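S.K.: This structure is in structure tokens; I'll ask about it shortly.
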Amino acid sequence: MDNNEKNTQKNPLNVKKVILFVIYGIVALCLFFTVLSFNDLPSIFEQLKTVDLKYVLLAMLFLLIYMASYPLSLCLLTKAKKSKIPFALTYSIAMTEHFFNGITPLATGGQPFQAHSYARAKIKISESTGLLLTNLIIYMLVTTGYSLLGIFYFGKFTRHVDPVWVPIIIVGYVLNFAVLVVMFSLGTSKRLRGLLVKFIYFLCKFRIFKWLKPKAEDVKEYFEQVQAAFSDLAKKKGYFLLALLTKIFSFAFFYGSTFFILHALGIKVAPSQFFMVLCATSFAITAVGFIPTPGASGGVEGSASQVFKSVIIFIVGESIIATVAPMATGVMLIWRLLSYYFVMAISLIFVVFNEICFSIKEKNERKRQLQEENQ
Numbered sequence: 007m008d009n010n011e012k013n014t015q016k017n018p019l020n021v022k023k024v025i026l027f028v029i030y031g032i033v034a035l036c037l038f039f040t041v042l043s044f045n046d047l048p049s050i051f052e053q054l055k056t057v058d059l060k061y062v063l064l065a066m067l068f069l070l071i072y073m074a075s076y077p078l079s080l081c082l083l084t085k086a087k088k089s090k091i092p093f094a095l096t097y098s099i100a101m102t103e104h105f106f107n108g109i110t111p112l113a114t115g116g117q118p119f120q121a122h123s124y125a126r127a128k129i130k131i132s133e134s135t136g137l138l139l140t141n142l143i144i145y146m147l148v149t150t151g152y153s154l155l156g157i158f159y160f161g162k163f164t165r166h167v168d169p170v171w172v173p174i175i176i177v178g179y180v181l182n183f184a185v186l187v188v189m190f191s192l193g194t195s196k197r198l199r200g201l202l203v204k205f206i207y208f209l210c211k212f213r214i215f216k217w218l219k220p221k222a223e224d225v226k227e228y229f230e231q232v233q234a235a236f237s238d239l240a241k242k243k244g245y246f247l248l249a250l251l252t253k254i255f256s257f258a259f260f261y262g263s264t265f266f267i268l269h270a271l272g273i274k275v276a277p278s279q280f281f282m283v284l285c286a287t288s289f290a291i292t293a294v295g296f297i298p299t300p301g302a303s304g305g306v307e308g309s310a311s312q313v314f315k316s317v318i319i320f321i322v323g324e325s326i327i328a329t330v331a332p333m334a335t336g337v338m339l340i341w342r343l344l345s346y347y348f349v350m351a352i353s354l355i356f357v358v359f360n361e362i363c364f365s366i367k368e369k370n371e372r373k374r375q376l377q378e379e380n381q
């Protein structure tokens, strides 16, 4: 086993990391309440008094279906790779992504911790990296696809937003599509990979970038793994398409949960407007996905309030413009509590469960090794 794999197999849930996650969680909560404080809190609470719990429960059901179907893409890819790991364990590892993505800046925590879990399940880092990168590509394709559909409603979604949000939305969309284009270019072009690697080694010659030198080989290896993941996609089109369909299905429930939250606050959305509301949720998330806070906290709440405001005015009519802000914030509040904090709480259960199972398994293996040594 090389040094990289040994390092990755070290338990990342040390005291420092746990403290850091707690801080990230506090930051997310503080940003959440900060956004709320910018609004008329008494009016928001008045809106929440009228909530129809039946529709809130339907929204929760949609999010539970989203969570239940979300891991299927990684399970399918793992099966296609013929990795020696049980389906149930892969499913459980996939479920931990929500917690680590939600608690880390720029949603960067999910894949490293999943790679660590795969390593504890005796799957090589080179193998798990390809699986996780392929799964990430599918995720990006689906979320970017939904956000593209949202552009068709751009006029409706931005008609009543504060002007300061328009450039933020445009920047968010440009960055989101740029990441996808770069990922595909890097995955398909060996020439681009070579140029990037040469550029990194060139930077290492300067003292200011001296810190980059020890990581240059890791970056080169990462680029190679990205291209290997794309190569696997080309070989296993059937599994890829099936995994893609499961993600499309999953995110339809995630984005569609807002439809019931609008109903919960007495906003009578017609069934024919379900797709428009789905696109509005995708639009609000894509617009601020680049904000470097845990789960884009602060940004998502702000953009969602603005987009939902336009959606509510479009549905109900311009007669409620004067009173729509607390209503939109109420929708955002319930949706964010369910789609972010509720989802993370369930994912945390899988994190703890996996940690207990792996610890027990590793403890038993150590006992067995000691017994064999003493014989």
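Residue numbering for the sequence shown is 7 to 381, as defined by my numbering.
Beta carbons are placed, not taken as given, at the ideal position from N, Cα and C, and that holds for glycine.
Just so you know, these numbers come straight off a predicted model, no measurement behind them.
1) CA-CA distance, Phe163 and Asn370?
2) Leaving out five residues on either side along the sequence, give the residues of the same chain with a beta carbon under 6 Å from the beta carbon of Phe280.
3) Going by the beta-carbon positions, is the gap between Met101 and Phe356 smaller than 8 Å?
4) Can you name, in chain order, every residue of its own chain whose Cβ lies under 7 Å from the Cβ of Thr14, other than the five neighbours on each side?
5) In the DSSP assignment, find the unbroken alpha helix (DSSP H) run with Glu324 in it and report its ends.
6) On a CA-only basis, which of Phe296, Lys226, Ile71 and Leu95 is nearest Ser345? Give me that one, please.
7) Quick check: what's the CA-CA separation for Ile129 versus Arg342?
8) Which same chain residues end up closer than 6 Å to Ser309 when comparing Cβ atoms and leaving out the 5 residues on each side of it in sequence?
9) By Cβ distance below 7 Å, which residues in the same chain neighbour Leu202 in space, the five residues on each side in sequence not counted?
10) Does the distance from the C-beta atom of Val385 to that of Val167 stay below 8 Å?
11) In angstroms with no decimal places, state the Cα-to-Cα distance between Pro220 and Pro169.
12) Relative to the alpha-carbon of Leu190, which residue among Thr140, Lys90 and Leu155 has its alpha-carbon at the smallest distance?
13) What three-state label does DSSP hand Leu78 in the structure shown?
14) Any idea if Glu223 is buried or exposed, counting beta-carbon neighbours within 10 angstroms, 16 or more meaning buried?
15) Quick one: is Ala86 near chain B, going by C-beta distance under 8 Å?
16) Spell out a yes or no on whether the stretch 243-258 and the stretch 90-99 are touching, meaning 3 or more CB-CB pairs, one atom from each, closer than 8 Å.
17) Can you tell me whether DSSP reads Val275 as helix, strand or coil?
18) Drop a sphere of 10 angstroms on the beta-carbon of Ile174, count the other beta-carbons inside from all chains shown, and report buried for 16 or more, exposed for fewer.
19) Note the first and the last residue of the continuous alpha helix (DSSP H) segment covering Thr96.
20) Looking at the structure shown, is His122 part of a helix, part of a strand, or coil, going by DSSP?
21) Going by DSSP in three states, Phe212 sits in which element: helix, strand or coil?
22) With distance defined between alpha-carbon atoms, name the residue in Leu248, Ile29 and Ala276 nearest to Thr110.
23) Apply the 10 Å Cβ neighbour rule to Leu247 and answer buried if 16 or more other Cβ atoms are within range, or exposed otherwise.
24) Compute the beta-carbon to beta-carbon distance between Gly136 and Ala234, rounded to the nearest angstrom, for a pair I have assumed lies under 8 Å.
25) Apart from the five residues on each side of it in sequence, which residues of its chain come closer than 7 Å, Cβ to Cβ, to Ile144?
26) Whole angstroms is fine: what's the gap from Cys420's alpha carbon to Gln377's?
27) How many angstroms separate the CA atom of Tyr261 from the CA atom of Leu209?
28) Does the stretch 177-184 come close enough to the stretch 314-333 to have 3 or more Cβ pairs within less than 8 Å?
29) Can you tell me the Cα-Cα spacing of Ile327 and Met73, whole angstroms?
30) Report all residues from its chain with a CB closer than 8 Å to the CB of Val177; omit the five preceding and five following residues, and keep chain order.
31) Can you give the Cα-Cα distance for Phe320 and Asn107, rounded to whole angstroms?
32) Assuming Tyr245 contacts Ala86 under a Cβ cut-off of 8 Å, what Cβ separation, rounded to an integer in Å, is found between them?
33) If you run the structure through DSSP and keep just helix, strand and coil, what is Glu11?
34) Mapping DSSP to helix, strand and coil, what is Ile340?
35) Would Ser288 pass as a contact of Tyr152 if the rule is Cβ separation under 8 Å?
36) Residue ranges of each alpha helix (DSSP H) run of no fewer than 4 residues wholly in the stretch 221-265, ordered along the chain?
M.R.: In this structure, then:
1) Going by the C-alpha atoms only, they are around 56 Å apart.
2) For Phe280, where only same-chain residues beyond five positions count, the Cβ hits under 6 Å are Phe265.
3) Going by beta carbons, Met101 and Phe356 fall inside the 8 Å limit.
4) Any answer about Thr14 is weak, because its pLDDT of 42 lies below 50 and its placement is not dependable; what the coordinates show is given next. Its chain contains Ala121, His122, Ala125 and Ile131 as the residues whose beta carbon lies nearer than 7 Å to that of Thr14, once the 5 sequence neighbours on both sides are disregarded; these appear in chain order.
5) For Glu324, there is no enclosing alpha helix (DSSP H), as DSSP marks it with neither H nor E.
6) Nearest of Phe296, Lys226, Ile71 and Leu95 to Ser345, Cα basis: Ile71.
7) Rounded to whole angstroms, Ile129 and Arg342 show a C-alpha spacing of 35 Å.
8) Ala290, Ala293 and Val294.
9) Result list for Leu202: Phe229, in chain order.
10) Outside the displayed range of the chain (7 to 381) lies residue 385, so it cannot be described from this structure.
11) Pro220 and Pro169: Cα-Cα distance of roughly 45 Å.
12) The residue asked about is misnamed: residue 190 is Phe in this sequence, not Leu. With distances taken between Cα atoms, Phe190 lies closest to Thr140.
13) It is helical.
14) Result: exposed.
15) Absent from the structure is chain B; it holds one protein chain and no more.
16) No, they do not touch.
17) The DSSP-derived three-state label of Val275 is coil.
18) Per the 10 Å Cβ criterion, buried.
19) From DSSP, the alpha helix (DSSP H) with Thr96 extends over Phe93 to Met101.
20) Three-state DSSP puts His122 in a helix.
21) In this structure, Phe212 counts as coil in the three-state DSSP scheme.
22) The residue with the shortest Cα to Cα distance from Thr110 is Ile29.
23) Leu247 is exposed by the Cβ-count criterion.
24) That pair is a contact at about 5 Å.
25) Residues Ser79, Ala249, Leu250 and Lys253 of the same chain have their beta carbon placed closer than 7 Å to that of Ile144, with the five preceding and five following residues left out of the count.
26) Nothing in the structure corresponds to residue 420, since the chain is present only between 7 and 381.
27) Going from the Cα of Tyr261 to the Cα of Leu209 covers about 42 Å.
28) Result no; under three Cβ-Cβ pairs closer than 8 Å.
29) Straight-line Cα distance between these residues: approximately 35 Å.
30) Excluding its 5 nearest sequence neighbours in each direction, Val177 has C-beta neighbours in its own chain below 8 Å: Phe296, listed in chain order.
31) Between Phe320 and Asn107, the C-alpha separation is close to 33 Å.
32) Distance from Tyr245 to Ala86 at the Cβ level is roughly 4 Å; contact confirmed, criterion being Cβ atoms closer than 8 Å.
33) Only weak support is given to the placement of Glu11: the predicted model assigns it a pLDDT of 46, under 50, and the value that follows is read from those uncertain coordinates. DSSP, reduced to helix, strand and coil, places Glu11 within a helical segment of the structure shown.
34) The answer is helix: DSSP assigns Ile340 an H, G or I state.
35) In contact: Ser288 and Tyr152 (Cβ atoms closer than 8 Å).
36) Within the stretch 221-265, complete alpha helix (DSSP H) segments of at least 4 residues are found at 222-241, given in chain order.
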